[in-house]
Amino acid sequence: MSKSEKLLEKIRNNSKAVSFDDLDKILRGYRFVRRQPCRGSPHYYYTHGALTLSVPYKRPYVGEIYVKRALVLIEQAAEDEV
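For the record, in the sequence shown the residue sitting at position 70 is 72 according to my numbering, with numbers rising by one throughout.
Listed below in structure tokens is the structure:
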């Protein structure tokens, strides 16, 4: 099992304690393109074709709803590549 697979499994098992950096690493690993916020906005935007996700930069953990939405989009992106 690769590092990214282990990280994804860790995120799936505990979606309440996911750091922004870990979520960013997984999304970019699945070829989501990150767009920086503008004018001081804490939100980062990730796109993969027609799939779009907005994630607020928050310490120490990202909100659980954003993590769950990211997991759904990762599954959709993996299906699209097959």
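Backbone N, C-alpha and C fix where the C-beta goes; we use that ideal spot for every residue, glycine too. All values derive from a computational prediction rather than experimental measurement.
So the candidates are the options; which of them puts its Cα closest to the Cα of residue i?
i   : options            : result
R37 : F22, K18, V74, Y46 : Y46
Where do the ends of the beta strand (DSSP E) carrying residue i lie?
i   : result
S56 : 53 to 58
R37 : 35 to 37
Y47 : 45 to 50
Going straight from the alpha carbon of residue i to that of residue j, what length do you get?
i   : j   : result
K27 : E7  : 11 Å
I13 : R33 : 18 Å
E77 : E83 : 10 Å
S17 : S43 : 24 Å
Going by DSSP, what residue range makes up the alpha helix (DSSP H) through residue i?
i   : result
S6  : 5 to 15
R41 : Neither: R41 is in no alpha helix (DSSP H) and is coded neither H nor E.
- Three or more beta-carbon pairs under 8 Å between the stretch 21 to 35 and the stretch 57 to 73, yes or no? yes
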